[in-house]
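Take a look at the structure set out below.
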Amino acid sequence: MLSAAEPAPAAPSAAAPTPPTASRLAGVGASPVREILALTARPEVISFAGGLPAPELFDVAGIRAAYDSVLAENPQYALQYSTTEGDPELRTAIAARLAARGLPTGPDDLLITTGSQQALTLLTTALVEPGAVVLVEDPCYLAALQTFGFAGARVVPVPTDDDGIVPEALEEIAAREKPTLLYLVPTFQNPTGRTLPAERRTAVARAAARIGFWIVEDDPYGELRYEGERVPWIATDPEAADRTVLLGSFSKVMAPGLRLGYLRAPAALRRASVIAKQAADLHTSTIDQAAAARYLRDSDLDAHVAVIRAAYQERRDAMLEGLPAALPEGSRWNRPEGGMFIWATLPAGHDATALLKTAVGHEVAYVPGAPFFCGEPDPGAMRLSFTTHSADEIREGLHRLAKSLGR
Ligand SMILES: Cc1ncc(COP(=O)(O)O)c(C=O)c1O
Numbered sequence: 016m017l018s019a020a021e022p023a024p025a026a027p028s029a030a031a032p033t034p035p036t037a038s039r040l041a042g043v044g045a046s047p048v049r050e051i052l053a054l055t056a057r058p059e060v061i062s063f064a065g066g067l068p069a070p071e072l073f074d075v076a077g078i079r080a081a082y083d084s085v086l087a088e089n090p091q092y093a094l095q096y097s098t099t100e101g102d103p104e105l106r107t108a109i110a111a112r113l114a115a116r117g118l119p120t121g122p123d124d125l126l127i128t129t130g131s132q133q134a135l136t137l138l139t140t141a142l143v144e145p146g147a148v149v150l151v152e153d154p155c156y157l158a159a160l161q162t163f164g165f166a167g168a169r170v171v172p173v174p175t176d177d178d179g180i181v182p183e184a185l186e187e188i189a190a191r192e193k194p195t196l197l198y199l200v201p202t203f204q205n206p207t208g209r210t211l212p213a214e215r216r217t218a219v220a221r222a223a224a225r226i227g228f229w230i231v232e233d234d235p236y237g238e239l240r241y242e243g244e245r246v247p248w249i250a251t252d253p254e255a256a257d258r259t260v261l262l263g264s265f266s267k268v269m270a271p272g273l274r275l276g277y278l279r280a281p282a283a284l285r286r287a288s289v290i291a292k293q294a295a296d297l298h299t300s301t302i303d304q305a306a307a308a309r310y311l312r313d314s315d316l317d318a319h320v321a322v323i324r325a326a327y328q329e330r331r332d333a334m335l336e337g338l339p340a341a342l343p344e345g346s347r348w349n350r351p352e353g354g355m356f357i358w359a360t361l362p363a364g365h366d367a368t369a370l371l372k373t374a375v376g377h378e379v380a381y382v383p384g385a386p387f388f389c390g391e392p393d394p395g396a397m398r399l400s401f402t403t404h405s406a407d408e409i410r411e412g413l414h415r416l417a418k419s420l421g422r
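Numbering (this note's numbering), first residue to last: 16 to 422.
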């Protein structure tokens, strides 16, 4: 140990500068949502900013029982390395759930991933060359934009309206840009909560078949439907079945800390994704997969999801009821049939990013819409999540938001 009196040895004078980080990092910023979340972690803030499931609704007892029985009955399997494709029992259970919802699927059609976020990374590794064009909805899920940015993709926005991506605009842009893939969250989209109607899904499948691009259909929210009829996945459309990848996740229906997702892809792309996953993490946690499989066998996930749906529906309704008094005259917002988000737009002249500081001063938060846009941002847009507060807290949060807006 050096004493305080002794000088520290000088760095060698000929030391070269610290080597730089890779150029692919340039221009891919940290997610602004994560940074805002850090700011609003104070317990007194009512935050509509996060995209988190309600933690008090986790089925802790059921998940704990699943881990207990896996560790009691088969610890040497649960704690060992495993195959890259994923736990066969879990894949069989997921395949049965997809088939029951109208998408014939076998266990070998699936790859288990470390959250659906990893599925996005693997597909990007497998499909996207530097400079390749990726089409996205505008606005788009932020971490997907980051993933495509790291790959050096040229991300091209496709205009949307209240029903999601506009097929005529997609046709025109795809014909011009010759994209490698189109990334979509067709059901209860993040950030807008919008759902793409069946006719538009058919039009998207047709465009992919005719022009020739992959469709990445990301569906972490589909099970959280509070009203209306389920719309079939694009993956069920025979026209684009050979070029559609469906991503699913246990984050919103079981718990995001499990980090369990999956992808269902045509054989060649699934094999390529398996190779990409070997290089990424060898396989997703054996014990977590085994516990999820056990949960699906011994507990009733659908009954649990019904509990989540009932709670979220009440929270969504509380937010919808409070918005007219909270936002200025001329504001617009949608009424999502499910999911976690309402997309609101303040009238011209309002800037949701600038307003956030005032709102946090009043101990309420939301995410400004601007960062989700890849084209021209709408400065008045904001994403409001209604899942993590009770109806009473939502009413209070909207009251604070009204005060931030001088109402
Ligand atoms: C549209 C979308 N895709 C993927 C993810 C990532 O989910 P996972 O927890 O399964 O990685 C999220 C998370 O919020 C999301 O909103």
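By construction, the Cβ of each residue, glycine as well, lies at the ideal position given by its N, Cα and C atoms.
For this session: Using alpha carbons as the reference points, say which of GLN328, LYS372, GLY364 and ILE249 lies closest to PHE401.
Result: By one-based count along the sequence shown, residue 401 stands at place 386. PHE401 has its Cα closest to that of GLN328, out of GLN328, LYS372, GLY364 and ILE249.
Problem set entry | Bridge partner(s) assigned by DSSP for TYR156 | Stepping through the sequence shown from its first residue, residue 156 is reached at position 141. According to DSSP, which records beta bridges pairwise, TYR156 is partnered with nothing at all.
Exercise. What residue does the beta strand (DSSP E) around LEU278 start on, and which one ends it?
Worked result: Numbered from its first residue, the sequence shown carries residue 278 at position 263. Run containing LEU278: 276 to 279, per the beta strand (DSSP E) assignment.
For this session: Kindly provide the ranges of any beta strand (DSSP E) runs that are 3 or more residues long and lie completely inside the region 125 to 174, ordered along the chain.
Result: Taking only runs of at least 3 residues, the beta strand (DSSP E) segments lying wholly in the region 125 to 174 are 125 to 128, 148 to 152 and 169 to 173.
Exercise. Looking only at DSSP bridge pairs, what is THR202 linked to?
Worked result: Indexing the sequence shown from 1 puts residue 202 at position 187. Answer is none; THR202 lacks a bridge partner.
For this session: Out of PRO174, VAL149, ASP178 and MET397, state which residue places its alpha-carbon closest to the alpha-carbon of GLY164.
Result: Within the sequence shown, the letter at position 149 stands for residue 164. GLY164 has its Cα closest to that of VAL149, out of PRO174, VAL149, ASP178 and MET397.
Exercise. Which residues are close to ligand 1, meaning CB closer than 6 Å to any heavy atom, in chain order?
Worked result: Screening all residues for a C-beta within a distance smaller than 6 Å of any heavy atom in ligand 1 leaves GLY66, GLY130, SER131, GLN132, TYR156, VAL200, ASN205, ASP233, PRO235, SER264, SER266, PRO271 and GLY276, in chain order.
Problem set entry | For PHE356, the three-state DSSP class (helix, strand or coil) | Taking the first residue of the sequence shown as 1, we reach residue 356 at position 341. For PHE356, the three-state secondary structure derived from DSSP is strand.
For this session: Return the CA-CA distance between PRO90 and ALA270, expressed in angstroms with no decimal places.
Result: Within the sequence shown, the letter at position 75 stands for residue 90. Within the sequence shown, the letter at position 255 stands for residue 270. Computed Cα separation, rounded: 22 Å.
Problem set entry | Beta-carbon contacts of VAL289 that lie in its chain and below 7 Å, excluding the five residues immediately before and after | Here residue 289 refers to the residue found at position 274 when the sequence shown is read from its first residue. Taken in chain order, the residues that qualify are THR99, GLU100 and LEU126.
Problem set entry | Pairwise C-alpha distance: LEU262 and ALA283 | On the sequence shown, residue 283 is found 268 positions in, with the first residue counted as 1. On the sequence shown, residue 262 is found 247 positions in, with the first residue counted as 1. The C-alpha of ALA283 lies about 16 Å from the C-alpha of LEU262.
For this session: Could you work out which residue in ALA333, ASP123, SER314 and GLU242 is closest to PRO351 when comparing CA atoms only?
Result: Taking the first residue of the sequence shown as 1, we reach residue 351 at position 336. Nearest C-alpha to PRO351 among ALA333, ASP123, SER314 and GLU242: GLU242.
Exercise. Out of curiosity, what's the CA-to-CA distance linking PRO392 and ALA307?
Worked result: Position 377 of the sequence shown, counted from the start, is the residue given in the question as residue 392. Position 292 of the sequence shown, counted from the start, is the residue given in the question as residue 307. Roughly 40 Å between the two C-alpha positions.
Problem set entry | Same chain only: Cβ atoms within 6 Å of HIS365, ignoring 5 sequence neighbours per side | The residue labelled residue 365 in the question sits at position 350 within the sequence shown. The answer, listed in chain order, is GLY395.
Exercise. Which residues in the same chain have their Cβ closer than 8 Å to the Cβ of VAL60, if we skip the five residues on either side of it in sequence?
Worked result: Here the question's residue 60 lines up with position 45 in the sequence shown. Cβ neighbours of VAL60 within its own chain (closer than 8 Å, five residues either side excluded): VAL375, GLU378, VAL379 and ALA380.
Exercise. Whose C-alpha, out of PHE63, ALA31, GLU88 and ALA134, is nearest the C-alpha of HIS299?
Worked result: Numbered from 1 along the sequence shown, position 284 holds the residue referred to as residue 299. Note that residue 299 is Thr in the sequence shown here, rather than His. Among PHE63, ALA31, GLU88 and ALA134, the Cα nearest to that of THR299 is on ALA134.
Exercise. Measuring CB to CB, does ARG274 end up less than 8 Å from GLY130?
Worked result: Position 259 of the sequence shown, counted from the first residue, corresponds to residue 274. Position 115 of the sequence shown, counted from the first residue, corresponds to residue 130. Judged by their CB atoms, ARG274 and GLY130 are nearer to each other than the 8 Å cut-off.
Exercise. Excluding five sequence neighbours on each side, which residues of the same chain lie with their C-beta closer than 8 Å to the C-beta of ALA326?
Worked result: Looking up residue 326 in the sequence shown gives position 311. Sequence-distant Cβ neighbours of ALA326 in its own chain, meaning closer than 8 Å and more than five residues away, are ALA69 and LEU72.
Problem set entry | Bridge partners - ILE180, DSSP secondary structure assignment | If you number the sequence shown from 1, residue 180 lands on position 165. Answer by DSSP bridge pairing, in chain order: THR175.
Exercise. Within this structure, are the beta carbons of THR301 and SER97 separated by less than 8 Å?
Worked result: For the purposes of this step, residue 301 is taken as the residue at position 286 of the sequence shown. For the purposes of this step, residue 97 is taken as the residue at position 82 of the sequence shown. Contact annotation: THR301 and SER97 have beta-carbon atoms nearer than 8 Å.
Problem set entry | Meets three-Cβ-pair contact criterion under 8 Å: the region 190 to 197 and the region 340 to 359 | Not touching, per the Cβ criterion.
For this session: Rounded to whole angstroms, what's the CA-CA distance from ARG347 to PRO174? Just pull it up for me.
Result: Stepping through the sequence shown from its first residue, residue 347 is reached at position 332. Stepping through the sequence shown from its first residue, residue 174 is reached at position 159. Linking ARG347 to PRO174 through their CA atoms gives a straight-line distance of about 18 Å.
Exercise. Is the beta carbon of VAL43 sitting closer than 8 Å to the one on GLN161?
Worked result: As a first step, residue 43 must be located in the sequence shown, where it is residue number 28. As a first step, residue 161 must be located in the sequence shown, where it is residue number 146. In this structure, VAL43 lies near GLN161, with their beta-carbon atoms less than 8 Å apart.
Problem set entry | Own chain, CB closer than 6 Å to SER405, minus 5 neighbours either side, in chain order | Against the sequence shown, residue 405 aligns to sequence position 390. Within the same chain, SER405 has no close Cβ partners at all.
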